[in-house]
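Visitor: Next up is a structure, given as structure tokens.
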Amino acid sequence: MARLGVNIDHVATLRQVRRANEPDPVHAAMAAELAGAHGITVHLRGDRRHIQDRDVEILRQVVKTRLNVEMAATQEMVKMALTIKPDQVTLVPERREEVTTEGGLDVVLNSVQLKPVVRTLGEGGVRVSLFIDPDLQQVKEAHKISAPAVEINTASYAEAANDRARDEALRKVTDAARLGRKLGLAVHAGHGLTYQNVGSLAALPELSELNIGHSIVSRAVLVGMERAVRAMLEAMNRWVTTALDARELH
Ligand code: PXP
Numbered sequence: 018m019a020r021l022g023v024n025i026d027h028v029a030t031l032r033q034v035r036r037a038n039e040p041d042p043v044h045a046a047m048a049a050e051l052a053g054a055h056g057i058t059v060h061l062r063g064d065r066r067h068i069q070d071r072d073v074e075i076l077r078q079v080v081k082t083r084l085n086v087e088m089a090a091t092q093e094m095v096k097m098a099l100t101i102k103p104d105q106v107t108l109v110p111e112r113r114e115e116v117t118t119e120g121g122l123d124v125v126l127n128s129v130q131l132k133p134v135v136r137t138l139g140e141g142g143v144r145v146s147l148f149i150d151p152d153l154q155q156v157k158e159a160h161k162i163s164a165p166a167v168e169i170n171t172a173s174y175a176e177a178a179n180d181r182a183r184d185e186a187l188r189k190v191t192d193a194a195r196l197g198r199k200l201g202l203a204v205h206a207g208h209g210l211t212y213q214n215v216g217s218l219a220a221l222p223e224l225s226e227l228n229i230g231h232s233i234v235s236r237a238v239l240v241g242m243e244r245a246v247r248a249m250l251e252a253m254n255r256w257v258t259t260a261l262d263a264r265e266l267h
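Taking the numbering used here, the leading residue of the sequence shown gets 18, the next gets one more, and so forth.
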């Protein structure tokens, strides 16, 4: 089964609306790990709208699984990553006015800028994943600039208006994931995944990591982080078991 990376940004969002010191994303990370999360993901944005430098520094010390920091490929962030040394950095595009990350990186257009960032982080011992749309050219370019991993943007799958659009979006994610594996990349996926739609992705053997935030934190507000994470792991596991059973029947 793919690893579950729990994105705790929105615990920090709740704290920042009051500029208070609770809820603490560090506590949320601990609870998520106790419930079986395989990793903790945070997005350190240039505008620091939710996660703060202090959060990443403390998380680096206390996270026992894997710390994945999403960030823009800026000089400021690269310096930060080389100081804090998370287990993984996921490079994402960032626009100040966006509510959440919109679309993947254009690796084809920005390969000249991205290549040295991937190399510098790699040489500093930080594994790099590139957040990209499910587009074969982007996967090929990620491989060309020696990124060890990609995270496929599942927004178009998650936001599909009907079954047909969802199937088509899933096919694109699957094709991109297959090509990524064929080229030797680790393939992750995320954005917009929920308890209801995670199944088809959890069943894809090409994916080794799913990063899920908003849906888990939304449930955690009502039932607590541990229950919310356990329920997501169960939802993922249920579909893996169903997919394996289906393959055995064939
Ligand atoms: N992966 C990436 C690269 C993201 O930017 C985000 C949102 O911060 C996520 C995964 C998680 O998305 P969601 O909060 O919709 O689960």
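Beta carbons are placed, not taken as given, at the ideal position from N, Cα and C, and that holds for glycine.
Computed from a predicted model, the values in this text were never measured in an experiment.
(1) Taking 8 Å as the threshold (C-beta atoms), are A54 and T30 in contact?
(2) Rounded to whole angstroms, what's the CA-CA distance from A46 to H27? Just pull it up for me.
(3) So is the beta-carbon of G230 under 7 Å away from any non-hydrogen atom of the ligand PXP?
(4) If you run the structure through DSSP and keep just helix, strand and coil, what is L221?
(5) Suppose you measure from the CA of R62 to the CA of S146; what does that come to, to the nearest Å?
(6) Skipping 5 residues on each side, what residues in its chain have a beta carbon closer than 6 Å to that of M242?
(7) Between the alpha carbons of M94 and H160, how many angstroms are there, rounded?
(8) Confirm, please, whether the CB-CB distance from Q155 to V125 is below 8 Å.
(9) Touching or not, the stretch 137-144 and the stretch 175-184, by the rule of three or more beta carbon pairs under 8 Å?
(10) Just tell me which of I101, P42, L227 and G120 has its CA closest to the CA of M249.
(11) Taking only runs that begin and end inside the stretch 102-142, name each unbroken beta strand (DSSP E) of 3 or more residues, in chain order.
(12) Leaving out the 5 sequence neighbours to the left and right, which residues in its chain are closer than 6 Å to K189 when beta-carbon positions are compared?
(13) Taking G56 as part of the alpha helix (DSSP H), name the residues at either end of that continuous run.
(14) Between N214 and the ligand PXP, is the CB less than 7 Å from at least one heavy atom?
(15) Give the straight-line distance between the Cα atoms of A235 and E223, rounded to the nearest whole angstrom.
(16) Could you name the residues of the same chain whose beta carbon sits closer than 6 Å to that of A237, not counting the 5 residues immediately before and after it, in chain order?
(17) Below 8 Å on the Cβ atoms is my contact criterion, and I expect A220 with V167 to pass it. Report the Cβ-Cβ distance as a whole number of Å.
(18) Secondary structure at V11, three-state DSSP: helix, strand or coil?
(19) Taking the straight line between their C-alpha atoms, what separation do you get for S163 and K132?
Guide: For this structure:
(1) Here residue 30 corresponds to residue number 13 of the sequence shown, with the count starting at 1. Here residue 54 corresponds to residue number 37 of the sequence shown, with the count starting at 1. No, these two residues do not count as a Cβ contact at 8 Å.
(2) Taking the sequence shown and counting its residues from 1, one reaches residue 46 at position 29. Taking the sequence shown and counting its residues from 1, one reaches residue 27 at position 10. One alpha carbon belongs to A46, the other to H27, and they sit about 12 Å apart.
(3) In the sequence shown, the residue the question calls residue 230 occupies position 213. Within the cutoff, so yes.
(4) Locating residue 221 in the sequence shown gives position 204, counting from the first residue. Note: L221 maps to coil in three-state DSSP.
(5) Counting from one through the sequence shown, the residue named residue 62 turns up at place 45. Counting from one through the sequence shown, the residue named residue 146 turns up at place 129. If I take the Cα positions, the gap works out to 17 Å.
(6) In the sequence shown, the residue the question calls residue 242 occupies position 225. Closer than 6 Å at Cβ, skipping near neighbours: A45, A48 and A49.
(7) Reading the sequence shown from its first residue, position 77 is the one you call residue 94. Reading the sequence shown from its first residue, position 143 is the one you call residue 160. C-alpha separation (whole angstroms): 22 Å.
(8) The residue you call residue 125 lines up with position 108 of the sequence shown. The residue you call residue 155 lines up with position 138 of the sequence shown. Contact flag set, yes.
(9) At 8 Å Cβ cutoff, the stretches do not touch.
(10) In the sequence shown, residue 249 corresponds to position 232, counting from 1. By alpha-carbon distance to M249, the top candidate from I101, P42, L227 and G120 is L227.
(11) Segments of the beta strand (DSSP E) lying fully in the stretch 102-142: 105-108.
(12) Counted from its first residue, the sequence shown places residue 189 at position 172. Non-local C-beta neighbours of K189 in its own chain, meaning closer than 6 Å and more than five positions away in sequence, comprise P151, ordered along the chain.
(13) Along the sequence shown, one-based indexing puts residue 56 at 39. Unbroken run through G56 is the beta strand (DSSP E), G56 to H60; no alpha helix (DSSP H).
(14) Mapped onto the sequence shown, residue 214 falls at position 197. Because no heavy atom of the ligand PXP lies under 7 Å away, the Cβ of N214 does not count as near it: no.
(15) As a first step, residue 235 is located in the sequence shown; it is residue number 218 there, counting from the start. As a first step, residue 223 is located in the sequence shown; it is residue number 206 there, counting from the start. Looking at the sequence itself, residue 235 is Ser, so the reference to Ala does not match. Going by the C-alpha atoms only, they are around 28 Å apart.
(16) Stepping through the sequence shown from its first residue, residue 237 is reached at position 220. A245, listed in sequence order.
(17) Sequence index remark: in the sequence shown, residue 220 carries index 203 (1-based). Sequence index remark: in the sequence shown, residue 167 carries index 150 (1-based). That pair is no contact at about 19 Å.
(18) Lying before the first or after the last residue shown, residue 11 is absent from the chain, which here runs from 18 to 267.
(19) As a working mapping, residue 163 is identified with position 146 in the sequence shown. As a working mapping, residue 132 is identified with position 115 in the sequence shown. One C-alpha to the other measures close to 8 Å.
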